[in-house]
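Shown next, in structure tokens, is the structure this report addresses.
Numbering (our numbering), first residue to last: 45 to 249.
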């Protein structure tokens, strides 16, 4: 039986194959993208940004196309899932997949991916901005779930900073083509003082 990480990778490989065969651009983001780049953090789902204009397009066209192409995919309450082959019907091993139309949630409208990678993962200089954006939104929340997400984002940001340093790359503010770019203006200072400065003191970054 494959591990959960292998199951997520199988789901990503299968979905990327289907989308690529239909010439639909896409990029993996979120925790799974971090795993694909070498991070050891855990994640339960996988997130993908797809070059379609709206959520309606995903529900009406992309979802049915995926399900018809591979029976391991299914849709329940508008959510896409990938189920392991040979799973027990009573306790299926499945991966939830978050499918996001391009540019939604102020994500980049241009999918710049890591070149020559086995999966189209959003490049680190752009991916880090998606993490910084969410971290800033979560800062100050007292909800345990939000605090857990913030802690995970802090670890992800530290990993991506190290990755950028090792590859002599930079955070790509110019390349992050968002619908509302002004919302990124305060990210560097906020993240430095609230996230990166404490990590630097602890020699994490």
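Cβ coordinates follow ideal geometry from the N, Cα and C atoms, glycine included. Since we're looking at a predicted model, the values are computed, not measured.
- The beta carbons of residue 215 and residue 147 sit about 19 Å from each other, so the pair does not count as a contact at 8 Å.
- 55 is the residue among 192, 154, 55 whose C-alpha sits nearest the C-alpha of residue 116.
- Annotation: residue 156 to residue 166 spans about 6 Å, alpha carbon to alpha carbon.
- Counting along the chain, no beta strand (DSSP E) covers residue 187, and no H or E run does either.
- Your pair residue 223 and residue 153 checks out as a contact, with CB atoms roughly 7 Å apart and the cut at 8 Å.
- Residue environment for residue 210: exposed (fewer than 16 other C-beta atoms within 10 angstroms of its C-beta).
- Within 10 angstroms of the beta-carbon of residue 164 lie 16 or more other beta-carbons, which makes it buried.
- In this structure, DSSP gives residue 214 a state outside helix and strand, which the three-state scheme calls coil.
- Residue burial annotation: residue 93 is buried, with at least 16 other C-beta atoms found within 10 angstroms of its C-beta.
- Your pair residue 193 and residue 150 does not check out as a contact, with CB atoms roughly 17 Å apart and the cut at 8 Å.
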